[in-house]
Amino acid sequence: MTSKTVTRADLTDAVLSKMGSLSRSNTAKLVDEILETVSQELEVGNTVKISSFGTFLVRSKNQRIGRNPKTGEEAIINPRKVVSFNASPILKHIINDK
Numbered sequence: 316m317t318s319k320t321v322t323r324a325d326l327t328d329a330v331l332s333k334m335g336s337l338s339r340s341n342t343a344k345l346v347d348e349i350l351e352t353v354s355q356e357l358e359v360g361n362t363v364k365i366s367s368f369g370t371f372l373v374r375s376k377n378q379r380i381g382r383n384p385k386t387g388e389e390a391i392i393n394p395r396k397v398v399s400f401n402a403s404p405i406l407k408h409i410i411n412d413k
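Heads up: the sequence shown begins at 316 in our numbering, then just goes up one per residue.
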C-alpha cells in the first residue's frame with residue numbers, strides 16, 4: 316500500500332478542477348484562507364466542525380513523566396495543547412467502503 320501526502324498545491328489543483336471559473340492564483344488564495352481560518356480558530360481554542368468531514372478540537376495535556384526509550388532515562392514532559400481530529404460517521408463510511 317503506497318500513501319501520498321496531499322499538499323496545498325494538490326488541494327489547489329483539486330479545487331481548481333472542480334471550479335474552473337477561478338484562476339489558479341485565486342484558488343490558491345482561497346485554499347490558504349480556509350486553512351488560515353481553521354488555524355486561527357484552533358489557536359484561540361475553538362472547535363472547528365466541518366459538516367460531513369469531521370471535527371478539529373484543541374485538547375490540553377497535563378505535565379507527566381516520560382521515558383527515553385533508548386536510555387530508559389525519565390524526563391518531564393511539559394504541559395501542552397494538541398490538535399485532535401474526529402472523523403464524521405459519513406467520512407468513516409466513505410473510507411471503510413473503498
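From the three backbone atoms N, C-alpha and C, an ideal C-beta is built for every residue, glycine too.
Secondary structure remark: continuous alpha helix (DSSP H) runs of at least 4 residues inside the segment 319-358, in chain order: 323-333 and 339-358.
Here SER399 has PHE371, LEU372, VAL373 and ARG374 as same chain residues with Cβ atoms under 8 Å from its own Cβ, once five neighbours each way along the sequence are excluded. Among the bridge pairs identified by DSSP, GLU389 is matched with ARG382.
Shortest Cα-Cα distance from PRO394 to any of ASN401, LYS407 and ARG379 involves ARG379. Around the beta carbon of THR322, a 10 Å sphere encloses fewer than 16 other beta carbons of the protein chains shown; the residue is thus reported as exposed. Straight across, the Cα-Cα distance linking THR327 with SER318 is about 19 Å.
Close CB contacts of GLU356 within its chain, under the 6 Å cut and outside five residues either way in sequence, are with VAL363 (chain order). Spanning the alpha carbons of LYS385 and ASN377 requires a straight line of approximately 23 Å.
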